[in-house]
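The structure appears below as C-alpha cells.
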Amino acid sequence: IPGPSGFNAERFFVNVRALFRLDITNGDFTSILPVTEGWYACSLSPNERYLADTDPSERTVVHIRDMGLDEETRVELGGEYELVGMYAWNGDSTRVVFAAAAAGWLERGSGVSLFLLAVDDPIPAVLSARDPRLLVPLPSCSSEVDECWMDDDTVRLRSIRYPSEEYWMEWA
C-alpha cells in the first residue's frame with residue numbers, strides 16, 4: 615500500500631518472514647515463527663525472555679511469547695483494525711507499546727492507535743485512539759532501549775506520514 619509520500623507505509627508494521635532458535639549445544643533449529651509468504655511484525659524484549667509478534671495470517675492479534683517457558687498470551691484487537699506492529703519494549707521487559715492501524719488508515723485517514731501492554735496483563739491500555747498523524751513507536755531494534763523509552767512513562771514516537779518529525783507520549 616503506497617503511502618501519501620510514495621513509500622510503502624504498510625512495511626512500517628512488519629519485519630521478518632520466519633524466526634528460528636538455534637541450540638548451540640547440538641546445532642538443532644527450532645521454529646519460533648514458521649516460514650511464511652507474508653511478513654511477521656515482531657520484537658524481542660531487551661532481556662530476551664519475551665517475543666511480541668503478529669502473524670501475517672492474524673494481522674490484528676498480538677502474541678506475547680515467554681521464550682523460556684514456551685507459553686503464549688494472545689491479545690485480539692478485533693475488526694476495527696487491519697494491522698498491528700511496531701513493538702517497543704521498556705527497559706525491564708515488562709511492558710510493550712505497539713501501534714494498530716485502524717481500518718482505512720491510509721485511504722480514509724482513520725488513523726493509528728497506540729496501546730500499552732504489560733506482559734502479566736492480557737488487556738492492553740489505549741494510549742491514543744485513531745490519531746490521523748499516524749504516530750508509531752520507535753521500534754526496539756537494538757540493545758539501546760533509550761532509543762524508544764525516555765523514562766518509565768514516556769515513549770518516543772515518529773509519524774509514518776512525516777518520518778523526519780519526532781514526537782513523544784507521556785502517561786501516568
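The numbering of the sequence shown is this note's numbering, which starts it at 615 and goes up by one. Heads up, the beta-carbon is just placed ideally off N, CA and C, and yes, glycines get one too. Nothing here was measured: the structure is a model prediction, and the numbers come from that model.
Please report how far the alpha carbon of residue i lies from the alpha carbon of residue j, in whole angstroms.
i, j, result
"Asp706", "Ile774", "27 Å"
"Leu748", "Thr639", "44 Å"
"Pro736", "Val689", "6 Å"
"Trp763", "Val676", "20 Å"
"Gly725", "Val630", "24 Å"
"Ala739", "Thr687", "16 Å"
"Asp637", "Ala713", "32 Å"
"Phe634", "Ile678", "16 Å"
"Gly718", "Glu672", "17 Å"
"Tyr776", "Cys656", "23 Å"
"Glu685", "Thr668", "15 Å"
"Ser756", "Thr768", "Model confidence at Ser756 stands at a pLDDT of 46, short of 50, so the residue's coordinates are unreliable; what they give is reported in the following sentence. If you take the alpha carbons of Ser756 and Thr768, they lie about 18 Å apart."
With distances taken from CA atoms, which of the options is nearest residue i?
i, options, result
"Gly652", "Ala666, Ala632, Asp637, Ile646", "Ala632"
"Gly723", "Asp745, Ser659, Tyr664", "Asp745"
"Asp680", "Ser742, Asp637, Val769, Pro660", "Pro660"
"Pro670", "Tyr654, Asp684, Val676, Arg663", "Tyr654"
"Ala715", "Gly693, Trp703, Pro738", "Gly693"
"Asp765", "Thr687, Glu686, Thr650, Trp703", "Trp703"
Note down, in chain order, each residue of its chain lying with its Cβ closer than 7 Å to the Cβ of residue i, except the 5 sequence neighbours on either side.
i, result
"Ala732", "Thr708, Arg709"
"Glu721", "none"
"Leu730", "Arg709, Val711, Pro738, Ala739, Leu741"
In chain order, what residues of the same chain lie with their CB nearer than 6 Å to the CB of residue i, ignoring the 5 residues before and after it?
i, result
"Leu658", "Leu665"
"Thr674", "Leu691, Tyr695, Val698"
Suppose the cutoff is 8 Å on Cβ atoms and the five residues either side in sequence are ignored; what does the same chain contact list for residue i look like?
i, result
"Arg663", "Asp680, Met681, Gly682, Ser707"
"Asp642", "Leu636"
| field | the region 642-652 in contact with the region 689-699 per 3-pair CB rule at 8 Å | value | Taking 8 Å as the limit for Cβ pairs, the verdict is that the region 689-699 does not touch the region 642-652.
| field | Runs of beta strand (DSSP E) lying entirely within the region 694-770, each at least 3 residues, in chain order | value | As far as the region 694-770 is concerned, its whole beta strand (DSSP E) runs of at least 3 residues are 695-703, 709-716, 726-732, 739-745, 749-751, 763-765.
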